[in-house]
Structure formats: structure tokens, C-alpha cells
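Remarks on the structure that follows.
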Amino acid sequence: MDTILQTRDLHASYGAVEAIHGINISVANGGITALLGANGAGKTTTLRSICQTVSTRGEIEFEGERIDGLSTEAIVRAGIAHVPDGRGTFLGLSVEENLRLGAYTRIDTQNIARDFDRMYDYFPRLKERRTQQAGTLSGGEQQMLAIARALMSHPRLLLLDEPSFGLAPIIVQELFRIMQEINVDRGVSMLLVEQNAKLALDVADTAFLMETGEIVTSGDAAIVKEDETVRRAYLGY
Amino acid sequence: MDLFIHQLFTGLSNGAIYASMALAIVMIFRTTNLKNFAQGEMAMFSAFIAWWMLGLGVPYWIAFFITIAVSFVIGVLAERILIRPVMNAPLLSILIVFFGIFVILHSLAGWIFGYEVKVFPSPFPEEAVFGTYITNHELGTIAIVGAMLLAIYAFLNFTKTGLAMRGVAENQASCKLVGINVNWMLGLGWGLAAAIGAVAGMLIAPVVYLDPSMMSGVLIYGFAGAILGGIDNPWGAVVGSLILGVVENLLGTYVIETELRLSVALVLIIAILLIRPNGIFGRTIVSRV
Numbered sequence: 063m064d065t066i067l068q069t070r071d072l073h074a075s076y077g078a079v080e081a082i083h084g085i086n087i088s089v090a091n092g093g094i095t096a097l098l099g100a101n102g103a104g105k106t107t108t109l110r111s112i113c114q115t116v117s118t119r120g121e122i123e124f125e126g127e128r129i130d131g132l133s134t135e136a137i138v139r140a141g142i143a144h145v146p147d148g149r150g151t152f153l154g155l156s157v158e159e160n161l162r163l164g165a166y167t168r169i170d171t172q173n174i175a176r177d178f179d180r181m182y183d184y185f186p187r188l189k190e191r192r193t194q195q196a197g198t199l200s201g202g203e204q205q206m207l208a209i210a211r212a213l214m215s216h217p218r219l220l221l222l223d224e225p226s227f228g229l230a231p232i233i234v235q236e237l238f239r240i241m242q243e244i245n246v247d248r249g250v251s252m253l254l255v256e257q258n259a260k261l262a263l264d265v266a267d268t269a270f271l272m273e274t275g276e277i278v279t280s281g282d283a284a285i286v287k288e289d290e291t292v293r294r295a296y297l298g299y
Numbered sequence: 002m003d004l005f006i007h008q009l010f011t012g013l014s015n016g017a018i019y020a021s022m023a024l025a026i027v028m029i030f031r032t033t034n035l036k037n038f039a040q041g042e043m044a045m046f047s048a049f050i051a052w053w054m055l056g057l058g059v060p061y062w063i064a065f066f067i068t069i070a071v072s073f074v075i076g077v078l079a080e081r082i083l084i085r086p087v088m089n090a091p092l093l094s095i096l097i098v099f100f101g102i103f104v105i106l107h108s109l110a111g112w113i114f115g116y117e118v119k120v121f122p123s124p125f126p127e128e129a130v131f132g133t134y135i136t137n138h139e140l141g142t143i144a145i146v147g148a149m150l151l152a153i154y155a156f157l158n159f160t161k162t163g164l165a166m167r168g169v170a171e172n173q174a175s176c177k178l179v180g181i182n183v184n185w186m187l188g189l190g191w192g193l194a195a196a197i198g199a200v201a202g203m204l205i206a207p208v209v210y211l212d213p214s215m216m217s218g219v220l221i222y223g224f225a226g227a228i229l230g231g232i233d234n235p236w237g238a239v240v241g242s243l244i245l246g247v248v249e250n251l252l253g254t255y256v257i258e259t260e261l262r263l264s265v266a267l268v269l270i271i272a273i274l275l276i277r278p279n280g281i282f283g284r285t286i287v288s289r290v
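Here the protein sequences line up with chains A and B, keeping their order. Numbering follows the working numbering, in which position 108 of the first sequence is assigned residue number 170; successive positions increment by one, without gaps. Numbering follows the working numbering, in which position 139 of the second sequence is assigned residue number 140; successive positions increment by one, without gaps.
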């Protein structure tokens, strides 16, 4: 499999404080890569670096082109969508308006209508609540909305920041099933940040483990899963 | 009874002007949480641009629309050149910039056009069509502001750019992540606010006469209307301003001296902020966590 995203010696900082110190990660084209680690390891910052919402140093290559230094808007147009931590819902807008904003960069009007139907197929609950103010949705529904909104931009790479955060296990299962379906059906590559390591390693093909801003272990998800330190520190058995 | 109906319509017409100013203030407040104290002076300057063109013999409606377009451009440029560099500065610095715009426009208008009071023509004929109930200028003011509000409503609700502007008012970080150029939207908001203010300035100038201080009272009414209706809700601000226009005018006719009318607005601002800071229609976002 070829690579859709590759970072080389990527640093990122908030003001004077550097949060990640020269990491190299990659996502296979059509694959799911898991980025694991404890709180404060720099996972969220890594996703923000790719979208250039923090200041970075080093190379980020997407589909063979350098994207570091582009504006966030330009990166979205290039084909990367980000489901941010906290979900980033437009609380005062309706569910449908949230999705319509997701398709903001697109001009292929006919296909947008079809994608609306697809999103409502994946997430029937959103269809029921189409005209409702998004702030009134439950946490799980808002997470579905955040993923659907990101998919509306027709991305080739989806960055997911803790999609399971704060959700009931049964909702999480449903969400991950749908994410896998989207990965297979639509060929959307994914970079998945998760605290729930077991869950992430079950769906991912590749995994990177971060500690205090550096990559400490990486490789095939199945192998990382068997790694002694990973198991003890993050899988708890 | 005739007097009452006449005062009611005069109040509505004044309210329409206040509504325009309130809407201009809300346009900027919603996206930046800033209250543009220079909005009135921007409108005054627009009125002077129109007056200058009319003096050159440009037909009224052509001057009217050119002024709106020029004001839009000035608004966009003001955001880009004066506001954006201080956007992340402390609030006090931004207020000083607003104050600077206020003073500069005020002095510039006086310097270029003179401080003496000037007559500004109304585009509507003198002889009243509806007798003593309403003057043509009042009726025209209500009609023009009504049309403008409809156009803005349609823009915000039925166009992609309008939706993006509402998105920017909600969540700027998410706007970037869906590919919206947030800076451009902020500039557009300033442009629209300046254009709306220009309409208000040109419609109020025939009533209060044109001079560099003509908007100071109107701006206070605009703020009062916006605060009454809810400063983060454009349609609340419009309704609040209409209510204010009518109440203020009826009070001025029947209850208090005309000279005290402006204090109605000021008392109202204080009362609303004390009792119901969100205004009548102020939006409370329902949110479940």
C-alpha cells in the first residue's frame, strides 16, 4: 500500500512551548492508522499540526505534495477533514446547516445532495433530527454529526480526535462500525487518535505510540497490540 | 387621534433608522464580540459622500447606490487595515482603535465638508400622499429599510456565504476546518455593516440635517434598540429598535419634553442591562454536554 500522509521531523509548539518534538508518522492510502498515548502525549497537537492550526516546523506530505505552510482552508480543499476534539459543532445551527457547512468547499451541487442521503443512511438518527438545533443533540449524535460534517467535504483523509470520548460503549461500537464501513466503502483513509487503545488497535492496520511529544513505538497494529509495554501501559492486561 | 397615528408612524420611521444602526452593530458584534462605537461616524461619513455626489449633480438613486457600494468597500478596508492587526490585542487597545476611527472620521468630515449644518434632500416628493398621517419621507424610510432587511434576511438564510457568516458567528475554529476563510467573512461583516449604516445615514440626514455630529444621538438609539432586542440576534435588534422608536416618540409627544427623549434610550439601556442582559430575544444556545 502506498502512503497518503507522511510527516518528517515534525515539531509543533504553542507559543514558546514545544509540544511535539520531531515525529515521523505515516498513514497508508486506504488504511486506518491509530495514534495512541496518554493524556498530554501530543496526539491532539499532531492532528492540529496536520491541519496547520498550530505553528509547526518540519515536513508534512499529503498525496506526495508538501502541505506544511498552507492555510487550514487550503488543506481542507486539498482533501483532509478533521473531526476535532470537542466535536466543533455549530451549536446554534440546525443539523442540516452543519452538514451544509461541511460541504462548503465543494461546487459539485448534484453530488452534495447525494452525499446528504448517504450521511443520513449511515446515521439515520441525524435524519430524524435534520431541522433540530445541533446544540440539542446528545453527545453521541453530536459525534455522528461531526463525522458526517467532515465527510461532507469529500475528504480522502479523515483525522479523528477521540471519537469515543464521553460516549456510552454501545454508541461507541456503533460509531466504530460505521467508521470501518466508511473506510471500506468510500476508501477514506483515517488517522485515529484514541485513548481507548484496544478499540483503536482493533480497527487500525498501523499504530504509533506517543509519549511526551515523541513516537516511542510503531508498527503493524497486530504487533503493537502484542507489545509487552503497550499491553501493560495502555491495554491493561 | 390623528396626532396619535401620525406620531406612531413617525416613531416607526425613526425606529427603522435605529433598526439599521442596530443591525450594523449586531453584524459586527456577532462575529467579533466587539461593539463598534464608530458605526455612527461611518454612517455620517457615508451621508457626506452622498451629499458630495448630489452636489456634483449625480441623480439621487445613482448616488444612493454608489454610496452604499463605496461604504461597503470602506468597511472591508477598515477591518483589514485597522481592526485585524489588533484583533488579538487586549480589549482596551481595540476600543482605542474604534475611538480613533470615530475621531478621525468626525474631524475628516468637518475638515473636508465643513462643520456648518447642511440640508440633505429626501428622494421622496414633498406633497403628502397620505395626508397628515405620515409624510412621504417616513413612508419611504420604512419601505427602504424593510426592503434592506428582507435582502439581508435572504442573504443570511438562503445563500452559502450567508450560512458561512452565521457559522463564523458560532464557531470560528470549526469554520476553518470546513474550509471557510474566516478573515474574509469578518471583512464581509464589516462591509455589510458599513453599507447598512450608509442607508441609515442617508435616510436620517434629511430629518436631522447633515453635519459631522448628526449620528451621535442615532447611534445611542441604535445601541439601545440592539440591547433591548438582544445584541446577538439581528431580528431581535430590529424589533427592539422599532419598539424603541415608537415608545420614544409617543413619550416625547404625550409624557415628557422632547429634549428628554434621548434620555429614554439611555435609561432603557441601563434598565435592560440590569433586568434582562440578553434582551427580549437574546439567544440562549441550548447545549447538552
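All residues carry an ideal CB built from backbone N, CA and C; glycine is no exception. Since we're looking at a predicted model, the values are computed, not measured.
Which bits of chain B does residue i rub up against, with CB to CB less than 9 Å?
i: A:Y166; result: K161, L164, A165, G168, C176, V179, G180 and I181
i: A:E125; result: Per Cβ cutoff of 9 Å: no residues; A:E125 is ~17 Å from chain B at best.
i: A:T115; result: A174, K177 and L178
Buried or exposed, going by whether 16 or more other CB atoms sit within 10 Å of the CB of residue i?
i: A:P217; result: buried
i: B:P278; result: exposed
i: A:G154; result: buried
i: A:T95; result: buried
i: B:L4; result: exposed
i: B:G202; result: buried
i: B:V290; result: Low confidence applies here, because B:V290 scores a pLDDT of 45, under 50, leaving its location unreliable; read the following figure in that light. B:V290 comes out exposed.
i: A:A78; result: exposed
i: B:L261; result: exposed
i: B:P126; result: exposed
i: A:P146; result: buried
i: A:F178; result: buried
i: B:K161; result: exposed
i: A:R176; result: exposed
Using a cut-off of 8 Å between C-beta atoms, extract the partners of residue i located in chain A.
i: B:E249; result: Within 8 Å Cβ-Cβ: nothing; B:E249 doesn't reach chain A, min ~31 Å.
i: B:E171; result: F152, L153, G154 and L155
Could you check where the alpha helix (DSSP H) with residue i kicks off and where it finishes?
i: B:L245; result: P235 to L251
i: A:D247; result: P231 to R248
i: B:L178; result: Q173 to L178
i: B:A51; result: Q40 to G56
i: A:E135; result: T134 to A140
i: B:G101; result: L92 to F114
i: A:R168; result: It is not in any alpha helix (DSSP H) - A:R168 carries neither H nor E in the DSSP assignment.
i: B:I63; result: Y61 to A79
i: A:L190; result: Note that residue 190 of chain A is Glu in the sequence shown here, rather than Leu. Unbroken alpha helix (DSSP H) run through A:E190: P186 to E190.
i: B:M215; result: Segment: none, B:M215 is in no alpha helix (DSSP H) and carries neither H nor E.
i: B:I181; result: Note, B:I181: premise wrong, no alpha helix (DSSP H); not H, not E.
Strictly below 7 Å CB to CB, what residues from chain B border residue i?
i: A:H144; result: L178
i: A:V138; result: L178, V179 and G180
i: A:S215; result: V179 and G180
i: A:E276; result: By Cβ distance, chain B contributes nothing, its closest Cβ being about 26 Å from A:E276, past 7 Å.
i: A:R162; result: L164
Strictly by DSSP, which residues pair up with residue i?
i: A:F124; result: A:L67 and A:E127
i: A:L254; result: A:A96 and A:L222
i: B:D3; result: B:D3 pairs with nothing; no bridge assigned.
i: A:E273; result: A:E276
i: A:T268; result: A:T95 and A:D282
i: B:I135; result: B:F131
i: B:Y210; result: Bridge partners of B:Y210: none, in fact.
i: A:I85; result: A:L72
i: A:V145; result: A:L222
i: A:K287; result: According to DSSP, which records beta bridges pairwise, A:K287 is partnered with nothing at all.
i: A:Q195; result: A:S156
i: B:S264; result: Answer by DSSP bridge pairing: none, since B:S264 is not bridged.
i: B:K119; result: B:L211
i: A:V79; result: A:Y76
Starting from residue i, trace the beta strand (DSSP E) in both directions and tell me its first and last residue.
i: A:H216; result: Segment: none, A:H216 is in no beta strand (DSSP E) and carries neither H nor E.
i: A:D282; result: E276 to D282
i: A:S88; result: S88 to A90
Pull up the CB-CB distance for residue i and residue j, whole angstroms please, since I reckon it's below 8 Å.
i: B:T33; j: B:L187; result: 7 Å
i: A:E123; j: A:Q68; result: 5 Å
i: B:G218; j: B:I26; result: Wrong, their Cβ atoms sit about 15 Å apart, outside the cutoff.
i: B:G280; j: B:I228; result: 6 Å
i: B:V200; j: B:M149; result: 6 Å
i: A:T107; j: A:A74; result: 5 Å
i: A:L271; j: A:V255; result: Incorrect: roughly 12 Å between the Cβ atoms, too far for contact.
i: B:S19; j: B:V120; result: Sequence check: residue 19 of chain B is Tyr here, not Ser. Not a contact, Cβ separation roughly 22 Å.
Starting from the beta carbon of residue i, find every residue of chain B whose beta carbon is closer than 8 Å, and list them in chain order.
i: A:T171; result: Chain B residues near A:T171: none, gap ~10 Å exceeds 8 Å.
i: A:R192; result: Residues of chain B passing the Cβ test: none, with the nearest at roughly 15 Å.
i: A:T312; result: Any answer about residue 312 of chain A is impossible in this case: the structure gives chain A only from 63 up to 299.
i: A:E158; result: Ordered by position in chain B, no residue passes the 8 Å Cβ test against A:E158, which lies about 10 Å from the chain.
Do residue i and the ligand HEM come close, with the Cβ less than 7 Å from some heavy atom?
i: A:I112; result: Looking for the ligand HEM in the displayed structure turns up nothing, as the structure carries no ligands at all.
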